[in-house]
Amino acid sequence: MENGKPTFTDVNTLGEFGLIEKLTADITSSHKSTIKGIGDDAAVLQYGDQHLVVSTDLLVEGIHFDLIYSPLKHLGYKAIIVNLSDIYAMNAVPTQVTVSVAISNKYSVEAMEELYAGIKEACRIYKVDLIGGDTTSSPKGMTISVTAIGTVAKDKITYRSGAKKGDILCVSGDLGGAYLGLQILEREKQLYLSNPGIKPDLENQKYVLERQLKPEARKDMIAYFDKEKLVPTAMMDISDGLASDLMHICKASGVGAYVEEAKLPINQEAQMLALKFKLDPATTALNGGEDYELLFTINEKDLEKIRYMPSTYIIGEITGAEDGIKLHTSGGNIHPLKAQGWTHFESNQ
Ligand code: ADP
Ligand code: MG
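Following this note's numbering, the numbering of the sequence shown begins with 28 at its first residue and continues without gaps.
Right, dumping it as structure tokens:
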């Protein structure tokens with residue numbers, strides 16, 4: 028209160044994570060079956076001798092997707108994938124999804140069928156059942172909300188909070204590609220808006236465009252872990268960028284970490300494009316979001332189990348909390364690792 032008037036705080040002063048923390052700090056569970064509520068990639072519920080995991084995500088037109096360059100079929104596919112990725116991040120197997128959409132009248136039946144073609148394809152490929160949802164109108168644009176449900180044996184559940192000093196830090200694939208794909212699409216959009224006659228130049232960028240428009244979730248990694256009888260000590264999926272997401276693991280686990288810049292996996296096409304955009308390829312790998320790779324830590328004794336695992340890269344190590352989160356640069360320097368991350372709040376206009 029100021030001069031008897033209520034004061035209002037701009038949500039941007041807290042950012043996305045700060046706001047979630049403020050709104051949920053006093054939320055407690057009253058059911059014994061709620062094993063883990065807010066604070067991980069998915070909530071974990073007691074379900075017989077298994078755990079049930081539940082995760083939900085919201086995609087908003089103009090914030091998370093732009094239909095100028097995102098085909099509706101790809102968008103439907105991606106909406107499912109980003110949710111399944113959170114289920115895999117718990118070392119669980121997704122089984123069902125619900126899909127809710129709010130649409131304005133600019134969308135035709137045919138457009139919605141395109142969206143659903145992508146949704147159905149993802150459900151078919153990832154073997155999940157679409158079991159319900161909700162459909163409503165929106166004053167503007169489209170919003171898609173997906174909830175994914177999965178199961179995992181109790182002794183295999185993997186939280187963000189289990190990393191221990193000395194654990195090895197791994198990532199399941201190359202990073203930065205999806206961000207560079209977005210840069211290309213944004214550049215072509217601007218060119219198109221200034222001259223609609225111009226043909227988009229999307230040659231030799233197939234890999235990064237696919238990373239952005241039609242990502243996959245790492246179903247195969249969960250199968251490898253199972254086959255190798257390996258349970259990571261901590262895991263999350265990289266949706267906001269390695270630096271930001273590693274901070275979540277470190278905060279939840281009460282540890283520090285270092286990342287070796289020279290070990291960051293970067294696809295060759297992404298590397299070339301980063302340089303073309305005058306960006307440091309390592310920065311795009313550290314801070315580019317939406318790669319949906321798994322960031323995980325393993326006990327040193329399990330090193331042999333991942334050595335021959337396809338597309339697994341060792342990028343650093345877990346240290347004590349007092350050591351903070353550091354980047355060991357290729358030039359031999361050590362810097363605190365800063366997360367640029369993403370905030371989705373629009374300016375107040
Ligand atoms: P992710 O990026 O893995 O989807 P988020 O950063 O969106 O995770 O969310 C972090 C945690 O906060 C999750 O446990 C999520 O369920 C919870 N959460 C996010 N938004 C809300 C909200 N509005 N109310 C309650 N819990 C929320
Ligand atoms: Mg996640």
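Just so you know, even glycine gets a beta-carbon here, dropped at the ideal spot from N, CA and C. The structure displayed is predicted, hence computed values, not measured ones.
Run of the alpha helix (DSSP H) containing residue i, from where it starts to where it stops
{"i": "residue 342", "result": "From DSSP, residue 342 is part of no alpha helix (DSSP H) but of the beta strand (DSSP E) over 340-347."}
{"i": "residue 248", "result": "246-254"}
{"i": "residue 136", "result": "136-152"}
{"i": "residue 331", "result": "330-334"}
{"i": "residue 275", "result": "269-280"}
Best match in the options for proximity to residue i [C-alpha to C-alpha]
{"i": "residue 238", "options": "165, 277 and 316", "result": "316"}
{"i": "residue 150", "options": "113, 132, 108 and 79", "result": "108"}
{"i": "residue 192", "options": "74, 165 and 261", "result": "261"}
{"i": "residue 231", "options": "348, 298, 39 and 118", "result": "298"}
{"i": "residue 356", "options": "111, 350 and 364", "result": "364"}
{"i": "residue 138", "options": "97, 339, 160 and 69", "result": "97"}
{"i": "residue 196", "options": "339, 154 and 50", "result": "339"}
{"i": "residue 208", "options": "75, 333 and 304", "result": "304"}
{"i": "residue 187", "options": "204, 282 and 132", "result": "282"}
{"i": "residue 44", "options": "321, 103, 328 and 274", "result": "274"}
{"i": "residue 336", "options": "169, 198 and 117", "result": "198"}
{"i": "residue 255", "options": "34, 194 and 330", "result": "330"}
{"i": "residue 349", "options": "360, 359 and 285", "result": "285"}
{"i": "residue 323", "options": "272, 51 and 136", "result": "272"}
{"i": "residue 71", "options": "240, 293, 211 and 120", "result": "120"}
{"i": "residue 52", "options": "66, 240, 292 and 99", "result": "66"}
{"i": "residue 76", "options": "68, 236, 85 and 62", "result": "62"}
{"i": "residue 161", "options": "190, 179 and 130", "result": "130"}
{"i": "residue 229", "options": "242, 221, 222 and 210", "result": "210"}
{"i": "residue 142", "options": "158, 104 and 159", "result": "104"}
{"i": "residue 178", "options": "200, 99, 40 and 115", "result": "115"}
{"i": "residue 164", "options": "185, 134 and 145", "result": "134"}
Rounded C-alpha distance that separates residue i from residue j
{"i": "residue 268", "j": "residue 31", "result": "43 Å"}
{"i": "residue 366", "j": "residue 290", "result": "18 Å"}
{"i": "residue 59", "j": "residue 181", "result": "15 Å"}
{"i": "residue 354", "j": "residue 277", "result": "14 Å"}
{"i": "residue 219", "j": "residue 213", "result": "10 Å"}
{"i": "residue 73", "j": "residue 306", "result": "46 Å"}
{"i": "residue 327", "j": "residue 183", "result": "18 Å"}
{"i": "residue 343", "j": "residue 205", "result": "22 Å"}
{"i": "residue 87", "j": "residue 169", "result": "6 Å"}
{"i": "residue 318", "j": "residue 266", "result": "6 Å"}
{"i": "residue 311", "j": "residue 203", "result": "5 Å"}
{"i": "residue 102", "j": "residue 132", "result": "18 Å"}
{"i": "residue 325", "j": "residue 257", "result": "8 Å"}
{"i": "residue 35", "j": "residue 46", "result": "14 Å"}
{"i": "residue 147", "j": "residue 136", "result": "16 Å"}
{"i": "residue 94", "j": "residue 217", "result": "14 Å"}
{"i": "residue 68", "j": "residue 279", "result": "12 Å"}
{"i": "residue 351", "j": "residue 140", "result": "49 Å"}
{"i": "residue 293", "j": "residue 358", "result": "17 Å"}
{"i": "residue 270", "j": "residue 145", "result": "31 Å"}
Enclosing beta strand (DSSP E) for residue i [first to last residue]
{"i": "residue 73", "result": "70-74"}
{"i": "residue 352", "result": "352-355"}
{"i": "residue 117", "result": "Unbroken run through residue 117: none, as it is neither H nor E."}
{"i": "residue 264", "result": "261-264"}
{"i": "residue 63", "result": "61-63"}
{"i": "residue 66", "result": "Looking at the DSSP string, residue 66 is not in any beta strand (DSSP E), and its letter there is neither H nor E."}
Chain B within 9 Å of residue i, Cβ atoms only
{"i": "residue 101", "result": "The chain inventory of the structure shown lacks chain B, comprising one protein chain alone."}
Residue i CB to nearest heavy atom of the ligand NAP below 8 Å
{"i": "residue 83", "result": "For the ligand NAP, the structure offers nothing, since it holds only the ligand ADP and the ligand MG."}
Quiz item: Taking any heavy atom of the ligand MG as the mark, which residues have a C-beta closer than 7 Å to it, listed down the chain?
Solution: 68, 112, 113, 116, 263, 264 and 266
Practice problem: May I ask you to verify whether the region 109-127 touches the region 167-186, counting CB pairs closer than 8 Å and requiring at least 3? | Solution: yes
Practice problem: Check whether the region 80-98 touches the region 150-162, counting contact only when three or more Cβ pairs, one atom from each stretch, lie closer than 8 Å. | Solution: no
Quiz item: Using 8 Å as the Cβ pair cut-off and three pairs as the minimum, do the region 103-119 and the region 242-254 touch?
Solution: yes
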